[in-house]
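Enquirer:
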Amino acid sequence: MRIFFFLFDLSVVNGWLLYRRCLAAGQKPMNLLQFKTDVARVLLSGASLATPKRGRPLSDADANSQKKRNYTCRPPDSTRLDGQGHFPAWIESKKRCRVCVQAHSKVKCV
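According to the numbering used here, the sequence shown is numbered sequentially starting from 314.
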């Protein structure tokens with residue numbers, strides 16, 4: 314039982330570290346205790362998980378579902394807006410998109 318709580322605490326701390334890394338510039342991050350309190354409040358709130366529906370899905374359900382994409386952190390504004398070679402350039406041939414693996418793009422960051 315102790316290993317379960319240790320692993321749970323470890324995952325919450327890792328989540329807090331990710332939260333701090335991907336925080337927008339200028340925002341004050343919450344401390345670890347407040348983050349743990351918020352996680353506990355959400356888990357204890359009794360929010361019910363969506364149960365899968367039985368039967369044949371509706372045709373418009375496919376249109377509403379979106380593909381899950383990998384999350385990438387946005388670079389800080391100081392890097393994005395410094396004007397040091399972060400401009401889009403249009404190329405002749407399509408290359409693989411860095412964000413979504415299946416798509417191709419004619420725009421390249423120079």
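Every residue gets a Cβ at the ideal spot worked out from N, C-alpha and C, and that includes glycine.
None of the values given here were measured: they were computed from a predicted structure.
For glutamine 347, which option in Arg333, Gly339, Ala338 and Lys419 has the closest C-alpha, if you only look at C-alpha atoms?
Expert: Here residue 347 refers to the residue found at position 34 when the sequence shown is read from its first residue. Glutamine 347 has its Cα closest to that of Arg333, out of Arg333, Gly339, Ala338 and Lys419.
Enquirer: Could you spell out where the alpha helix (DSSP H) holding serine 324 opens and where it closes?
Expert: Counting from 1 along the sequence shown, the entry for residue 324 is found at position 11. From DSSP, the alpha helix (DSSP H) with serine 324 extends over 315 to 334.
Enquirer: Let me know the secondary structure DSSP gives arginine 354 once reduced to three states.
Expert: As a first step, residue 354 must be located in the sequence shown, where it is residue number 41. Helix at arginine 354.
Enquirer: Which two residues bound the contiguous beta strand (DSSP E) that contains lysine 408?
Expert: Reading the sequence shown from its first residue, position 95 is the one you call residue 408. Counting along the chain, the beta strand (DSSP E) containing lysine 408 begins and ends at 401 to 409.
Enquirer: How long is the line joining the alpha carbons of leucine 357 and phenylalanine 319, rounded to whole angstroms?
Expert: Numbered from its first residue, the sequence shown carries residue 357 at position 44. Numbered from its first residue, the sequence shown carries residue 319 at position 6. Answer to the nearest angstrom: the Cα atoms are 19 Å apart.
Enquirer: Only counting the same chain, and skipping five residues up and downstream in sequence, which positions put a Cβ closer than 8 Å to that of serine 391?
Expert: Residue 391 sits at position 78 when you count from the first residue of the sequence shown. Counting only Cβ-Cβ distances below 8 Å, and skipping sequence neighbours, we find Ala338.
Enquirer: CA-CA distance, proline 342 and arginine 315?
Expert: Start at 1 with the first residue of the sequence shown, and residue 342 comes out as number 29. Start at 1 with the first residue of the sequence shown, and residue 315 comes out as number 2. Between proline 342 and arginine 315, the C-alpha separation is close to 29 Å.
Enquirer: Measure the alpha-carbon distance for glutamate 405 versus lysine 419 and round it to whole angstroms.
Expert: On the sequence shown, residue 405 is found 92 positions in, with the first residue counted as 1. On the sequence shown, residue 419 is found 106 positions in, with the first residue counted as 1. When rounded, the distance between both Cα atoms is 7 Å.
Enquirer: Does DSSP classify lysine 419 as helix, strand or coil?
Expert: To locate residue 419, count along the sequence shown from 1; it is residue 106. Correct three-state label for lysine 419: strand.
Enquirer: Taking the alpha-carbon positions, what's the serine 324 to leucine 336 distance?
Expert: Here residue 324 refers to the residue found at position 11 of the sequence shown. Here residue 336 refers to the residue found at position 23 of the sequence shown. Cα to Cα, serine 324 sits roughly 18 Å from leucine 336.
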